[in-house]
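Reading through the structure tokens given below for one structure.
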Amino acid sequence: MHDVQKNKVDLSILYVEDELITRMTIHKILAARYTTIYLAQDGKEGLEFFEQHHPDIIITDTRMPVMDGLKMSQAIREVNRQVPIIFTTANEDSEFIEATIRLGITRNIIKPILLKDLLATVEEVANKILANRTRATEG
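Quick note on this note's numbering: the sequence shown kicks off at 1212 and runs consecutively.
In structure tokens form, the structure reads like this:
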């Protein structure tokens, strides 16, 4: 039996997106590269997944019903300042950008999302996490 997990990076990612087609498309791409992908359709559900599973990386839309990505990220930052959070957003206004800086958001990817940009960002963040894990086990 072939081990499909063998060539995947051992990281968990929480992807929060209200648009179903986008959520499923990005899930398929991420699931081909990373071992665990959690999906949420709004910030409230995303926060619940975060509290239950403590993912290594969070990718979130900013405009969603129930709870937006900014509010979800604020709640996450109250308990975890370290987890990388990547925003996918169409919002480029200065107040929003300032809020993301204050929250320590890792990166803003402007919509429409170019998959190569998203994957490059996730890979960059993943490499930093893996390097930190290696240092922690060696030291």
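Yeah, the Cβ is synthetic: ideal placement off N, Cα and C, and Gly gets one too.
A quick note: this is a predicted structure, and the numbers were derived from the prediction, not measured.
Whose C-alpha, out of the options, is nearest the C-alpha of residue i?
i	options	result
Ile1312	Asp1253, Thr1348, Arg1288 and Thr1233	Arg1288
Glu1259	Leu1241, Leu1341, Met1283 and Ala1310	Met1283
Thr1273	Glu1309, Thr1300 and Arg1318	Thr1300
Val1220	Thr1233, Glu1349, Ile1340 and Arg1346	Ile1340
Arg1244	Asp1253, Met1275, Arg1346 and Glu1334	Glu1334
Glu1306	Val1294, Ala1337, Asp1253 and Leu1281	Leu1281
Which of the three DSSP states is assigned to residue i in this structure?
i	result
Leu1258	helix
Asn1338	helix
Ala1251	strand
His1213	The predicted position of His1213 is uncertain, since its pLDDT is 44 and thus under 50; no value can be drawn from it.
Val1294	coil
Leu1318	The question names Leu, yet the displayed sequence has Arg at residue 1318. Arg1318 falls in the strand class under three-state DSSP.
Thr1345	helix
Leu1329	helix
Ile1224	strand
Thr1236	helix
Thr1271	strand
Just to confirm, is the Cβ distance from residue i to residue j under 7 Å?
i	j	result
Lys1255	Val1227	no
Ile1316	Leu1329	no
Thr1332	Arg1344	no
Ile1269	Leu1225	yes
Met1275	Asp1229	yes
Asp1267	Leu1222	yes
Taking only beta-carbon atoms, is residue i less than 7 Å away from chain B?
i	result
Arg1344	Absence of chain B from the displayed structure is noted, only one protein chain being present.
Would the stretch 1263 to 1283 count as touching the stretch 1242 to 1253 if we require 3 or more Cβ pairs under 8 Å? Per the Cβ contact rule, the stretch 1263 to 1283 is in contact with the stretch 1242 to 1253 (3 or more Cβ pairs under 8 Å).
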